[in-house]
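Protein chains in written order, with the working numbering: chain V, 260 to 639; chain F, 323 to 619.
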Amino acid sequence: MGRLKERRVAFPGRKKRPARVLLAAIVVIVFYFFLFPYPLGREIVVRPRWAVALPQPGSALIPSPAAVAGPQDPAGKGPAAAFQIGDRFGYVRGDGTLLYTGRAVYRVSLSSTGFVSFTRLGTDWILQDSAGRRVAGFSVAGYPLLSPDGGRVFSVKTDLSGIIEMDRGGAVLWDRDFPSLMTSISVQGDLVLVGLLNGAMILLDRHGSPLLEHAPAGSRIPVVMGDAAAPDGSRVAAVCGIDPQYLAVLRRSGSGYEPETQESLPTSFRREVRMGFSPDSRYLFLEGTDGPGLFDPAARTLRWVGLSGPLVGAAFASAGRVAAFASRDAGGARLVLEPMSGVPVGREAFPAREVFLGTIEGQLLLGWDGEIARIDVEAM
Amino acid sequence: MSRGRSRWACAAVVALVLACLGNGPAHALDWPVASRIVTGTFGEGRGDHFHDGIDIGGGSQEVRPVLAGELVFRYDEGADYTSLPRGVGSFVVLRHEQHIRTLYAHLQAGSLGPVRARWEPSDRIGIIGETGHASGPHLHFAVFDEEAGSTVNPLEFLPPVPDRQAPVIRRLFARVGERRVALEDGAALQAGRTEILAEVYDLREDVAFRWPLAPAAVSLSLDGAEVSRISFDSLQVQQGRSVLGGSLRSRDQVWDDAGLLVCGSVILSRGESLVRLAARDLAGNEAVRTVSISIHP
Numbered sequence: 260m261g262r263l264k265e266r267r268v269a270f271p272g273r274k275k276r277p278a279r280v281l282l283a284a285i286v287v288i289v290f291y292f293f294l295f296p297y298p299l300g301r302e303i304v305v306r307p308r309w310a311v312a313l314p315q316p317g318s319a320l321i322p323s324p325a326a327v328a329g330p331q332d333p334a335g336k337g338p339a340a341a342f343q344i345g346d347r348f349g350y351v352r353g354d355g356t357l358l359y360t361g362r363a364v365y366r367v368s369l370s371s372t373g374f375v376s377f378t379r380l381g382t383d384w385i386l387q388d389s390a391g392r393r394v395a396g397f398s399v400a401g402y403p404l405l406s407p408d409g410g411r412v413f414s415v416k417t418d419l420s421g422i423i424e425m426d427r428g429g430a431v432l433w434d435r436d437f438p439s440l441m442t443s444i445s446v447q448g449d450l451v452l453v454g455l456l457n458g459a460m461i462l463l464d465r466h467g468s469p470l471l472e473h474a475p476a477g478s479r480i481p482v483v484m485g486d487a488a489a490p491d492g493s494r495v496a497a498v499c500g501i502d503p504q505y506l507a508v509l510r511r512s513g514s515g516y517e518p519e520t521q522e523s524l525p526t527s528f529r530r531e532v533r534m535g536f537s538p539d540s541r542y543l544f545l546e547g548t549d550g551p552g553l554f555d556p557a558a559r560t561l562r563w564v565g566l567s568g569p570l571v572g573a574a575f576a577s578a579g580r581v582a583a584f585a586s587r588d589a590g591g592a593r594l595v596l597e598p599m600s601g602v603p604v605g606r607e608a609f610p611a612r613e614v615f616l617g618t619i620e621g622q623l624l625l626g627w628d629g630e631i632a633r634i635d636v637e638a639m
Numbered sequence: 323m324s325r326g327r328s329r330w331a332c333a334a335v336v337a338l339v340l341a342c343l344g345n346g347p348a349h350a351l352d353w354p355v356a357s358r359i360v361t362g363t364f365g366e367g368r369g370d371h372f373h374d375g376i377d378i379g380g381g382s383q384e385v386r387p388v389l390a391g392e393l394v395f396r397y398d399e400g401a402d403y404t405s406l407p408r409g410v411g412s413f414v415v416l417r418h419e420q421h422i423r424t425l426y427a428h429l430q431a432g433s434l435g436p437v438r439a440r441w442e443p444s445d446r447i448g449i450i451g452e453t454g455h456a457s458g459p460h461l462h463f464a465v466f467d468e469e470a471g472s473t474v475n476p477l478e479f480l481p482p483v484p485d486r487q488a489p490v491i492r493r494l495f496a497r498v499g500e501r502r503v504a505l506e507d508g509a510a511l512q513a514g515r516t517e518i519l520a521e522v523y524d525l526r527e528d529v530a531f532r533w534p535l536a537p538a539a540v541s542l543s544l545d546g547a548e549v550s551r552i553s554f555d556s557l558q559v560q561q562g563r564s565v566l567g568g569s570l571r572s573r574d575q576v577w578d579d580a581g582l583l584v585c586g587s588v589i590l591s592r593g594e595s596l597v598r599l600a601a602r603d604l605a606g607n608e609a610v611r612t613v614s615i616s617i618h619p
């Protein structure tokens with residue numbers, strides 16, 4: 260005790276100085292925020308709106324609580340969104356009303372306005388609308404493919420050598436073969452972008468005539484692993500090549516397209532990868548090894564979003580401000596929400612065998628196993 | 323030399339390339355399965371396209387690479403993402419030396435080997451299945467020549483299977499307007515250009531019933547002069563249409579809706595004429611049918 264007293268006496272000035280420094284620092288910090296205010300980013304709020312259990316096939320559709328009060332006529336109640344969870348598929352409206360649910364016998368080709376559920380050997384298809392009503396019948400040798408809005412009907416040749424576009428009466432509008440196996444396809448508006456095994460991407464116009472034939476060079480093995488056309492047609496992109504793998508982006512220039520970016524990727528996929536543009540055509544997502552990448556063509560920046568397991572769904576919500584990605588592996592499913600600028604909003608892991616991610620009325624539509632839910636993502 | 327002929331020449335060169343890749347000059351590739359039962363041949367009409375490879379049956383056999391190669395692309399039905407419906411089901415594409423690629427399709431879902439780059443002939447790619455557009459378990463096997471941009475008949479590069487049966491020329495027809503007139507000895511036709519069609523096929527060696535396959539080549543002659551030859555040895559794409567190498571004919575110019583072979587057109591002049599059709603298979607067996615016809619003005 261005596262030694263402690265001696266120390267206190269020996270250093271009387273040091274006891275008061277830290278307090279003054281601390282006080283001064285606090286004052287400076289407080290004044291800094293007043294003098295140099297920095298606006299905070301808009302806060303992202305995630306609001307689950309409703310969840311609906313899918314009825315068993317054959318049973319009557321069960322409307323959501325929100326829909327019970329409204330008319331049950333499926334027509335004229337706003338746009339419906341298509342969903343597919345494993346072999347279950349259907350259409351749901353923004354208020355949670357299920358318009359149709361079904362189970363694919365073999366596969367189903369979906370659009371926002373209708374679908375074709377087809378068998379493995381089936382040569383006769385029936386195009387049905389989002390309420391399940393028959394729209395048109397087709398007798399063809401290939402497998403059906405619908406454009407996202409359902410306005411165009413294609414038959415993909417079963418050996419992947421070409422495609423045929425037909426009108427609603429089944430008449431062939433055009434028929435095109437490709438010099439190599441088709442590995443991927445993207446249909447947006449008048450454009451059909453096809454990726455080929457030989458490394459070429461071919462962009463066809465409304466009449467099936469080539470607007471662009473481009474084979475990005477630089478890889479030891481040329482091949483297209485995935486492709487995407489922007490909704491407004493301003494850009495087309497492809498993940499292509501092995502050793503190295505590239506992201507190639509081409510920009511519309513006059514009546515044609517010219518290479519804009521060829522970005523080396525740290526991936527080595529040997530299968531088709533998921534990729535697509537945001538609804539406003541500003542951003543591009545692409546599957547990566549440890550999570551998806553978000554590419555901003557205007558800024559030429561590519562950033563990766565950490566997400567384990569193969570990517571099984573991607574969607575853009577809140578007017579394209581937030582990207583959502585879903586993955587699934589043996590450990591279950593994962594969902595991540597990623598604003599186009601900023602840190603991830605949220606991550607969620609949940610047990611599910613099948614996952615679907617889409618959009619409805621600009622918001623997220625999340626499906627898992629036997630349920631479908633709407634999640635609104637808003638910037639406050 | 324036209325672009326088409328140039329490609330045709332490239333396709334022919336691939337034969338030499340493939341021969342150089344193999345151990346012996348007779349066959350460049352090994353069979354991808356142990357039991358060699360060919361159930362479909364190259365160039366057959368398949369609705370909206372030519373059959374661009376061969377079909378191999380034999381049940382759930384293990385499938386192995388025909389040469390050492392590198393994995394380029396694969397699709398495991400039910401597991402991998404796809405942006406388009408794939409009638410080839412689960413499949414694997416390997417790349418070999420000299421820019422040759424091989425396709426192994428309709429494999430059992432889930433039977434595909436691990437995702438790795440290098441594949442040896444002793445490795446198991448998968449098991450024969452019936453994924454995709456398949457009416458029974460079989461392997462669809464195709465060979466692509468990257469440089470020529472063509473698909474070649476795999477049977478020309480695989481060790482031959484026993485084949486002692488000649489192709490069959492069952493019936494000959496002349497297309498008169500919208501009608502088909504059977505061509506028998508003494509048949510009377512009008513002078514002018516006439517299309518000759520035939521029911522012609524090769525036969526499977528291993529079954530007692532009729533299982534038609536496409537022949538390797540067909541030649542049509544009029545009064546001793548060859549007017550048309552169709553060889554089922556390669557396919558290429560010209561102006562967005564898949565055509566046979568050599569004759570540069572598209573599927574609907576080779577096969578009609580009834581499955582008859584469109585052998586070619588002849589210009590008939592007044593008098594007597596001999597129409598001769600010869601069909602051969604890859605083993606060299608040949609069938610010939612000659613018909614004497616009368617042509618009126």
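Every residue, glycine too, gets a C-beta built ideally from N, C-alpha and C.
Give me, in chain order, the residues of the same chain whose beta-carbon lies closer than 7 Å to that of residue i; leave out the 5 immediate sequence neighbours on both sides.
i      : result
F/L519 : F495, R497, R502, D578, L582, L583, V584, C585
V/R435 : G421, I422, L463, G467
V/V304 : E637, M639
V/P333 : Only weak support is given to the placement of V/P333: the predicted model assigns it a pLDDT of 47, under 50, and the value that follows is read from those uncertain coordinates. Correct list, in chain order: L358, A390.
Please tell me whether residue i has its Cβ less than 9 Å away from any Cβ of chain F.
i      : result
V/G467 : yes
V/E607 : no
V/S443 : yes
V/P333 : Per-residue confidence for V/P333 stands at a pLDDT of 47, beneath the threshold of 50, marking its modelled position as unreliable; no derived number is given.
V/T372 : no
V/R366 : yes
V/I631 : no
V/P475 : no
V/P503 : no
V/L594 : no
V/G485 : yes
Is residue i near the ligand GDP, judged by its Cβ being under 8 Å from some heavy atom?
i      : result
F/D377 : Summarising the ligand content, the structure contains no ligands, and the ligand GDP is consequently not present.
Apart from the five residues on each side of it in sequence, which residues of its chain come closer than 8 Å, Cβ to Cβ, to residue i?
i      : result
F/P619 : Q512, A513, R592
V/A632 : P307, R308, W309, A310, V311, L624, L625, G626
V/L263 : Note that V/L263 scores 40 on pLDDT, short of 50, meaning its location in the model is unreliable; the coordinates nonetheless yield the value given after this. Hits under 8 Å: none found.
In whole angstroms, what separates the C-alpha of residue i from that of residue j?
i      : j      : result
V/F295 : V/E302 : 21 Å
F/L590 : F/E366 : 29 Å
V/M470 : F/S412 : What sits at residue 470 of chain V in the sequence shown is Leu, not Met. Between V/L470 and F/S412, the C-alpha separation is close to 31 Å.
V/S478 : V/A507 : 12 Å
V/M460 : V/L452 : 7 Å
F/T404 : F/G454 : 13 Å
V/G361 : V/F348 : 5 Å
V/K416 : V/A400 : 7 Å
V/F292 : V/A284 : 13 Å
F/G508 : F/V613 : 8 Å
V/D588 : V/G568 : 5 Å
F/T516 : V/L450 : 41 Å
V/M425 : V/D388 : 17 Å
F/I552 : F/R573 : 12 Å
Grab me the residues of residue i's own chain with a C-beta within less than 6 Å of its C-beta, minus the 5 sequence neighbours each way, in chain order.
i      : result
V/I344 : E613, F615, G626
V/D539 : G579
F/Q430 : I449, G451
For residue i, would you say it is in contact with chain V, using Cβ-to-Cβ distances shorter than 9 Å as the test?
i      : result
F/L393 : yes
F/S616 : no
F/G508 : no
F/Q558 : yes
F/L525 : no
Open item on the list: Tell me whether the stretch 460-474 of chain F and the stretch 416-432 of chain F touch, counting them as touching only if at least three CB pairs, one residue from each stretch, are closer than 8 Å.
Closed with: yes
Open item on the list: Across the stretch 571-586 of chain V and the stretch 522-532 of chain V, are there enough close Cβ pairs to call them in contact, namely three or more that are closer than 8 Å?
Closed with: Fewer than three beta-carbon pairs drawn from the stretch 571-586 of chain V and the stretch 522-532 of chain V are found closer than 8 Å, and the two stretches are therefore not classed as touching.
Open item on the list: Beta carbons nearer than 7 Å to chain F: which residues of the stretch 526-558 of chain V have them?
Closed with: R529, R530, E531, R533
Task: Residues within the stretch 462-495 of chain F neighbouring chain V, beta-carbon criterion of under 9 Å - done: For the stretch 462-495 of chain F, which is checked against every Cβ of chain V, the residues closer than 9 Å are H462, A464, F466, E468, G471, S472, T473.
Task: Where the stretch 400-421 of chain V meets chain F: residues whose CB sits under 8 Å from a CB there - done: A400, G401, Y402, P403, L404, S414, V415, K416, T417, D418, L419, S420, G421
Task: Interfacial residues, the stretch 421-455 of chain V to chain F, with Cβ spacing under 8 Å - done: Of all residues in the stretch 421-455 of chain V, only G421, I423, D434, R435, D436, F437, P438, S439, L440, M441, T442, S443, I444, S445 place a beta-carbon less than 8 Å from a beta-carbon of chain F.
Task: Three-pair Cβ contact test at 8 Å for the stretch 391-408 of chain F versus the stretch 594-613 of chain F - done: no
- [ ] Give, in chain order, every residue of the stretch 372-391 of chain V whose Cβ lies closer than 7 Å to some Cβ of chain F.
- [x] R379, L380
Open item on the list: Below 8 Å, how does it come out for the stretch 520-527 of chain F and the stretch 555-565 of chain F: are there three or more Cβ pairs, yes or no?
Closed with: no
Open item on the list: For the pair the stretch 370-388 of chain F and the stretch 366-386 of chain V, tell me if three or more CB-CB distances fall below 8 Å.
Closed with: Cβ pair count under 8 Å is below three, so no.
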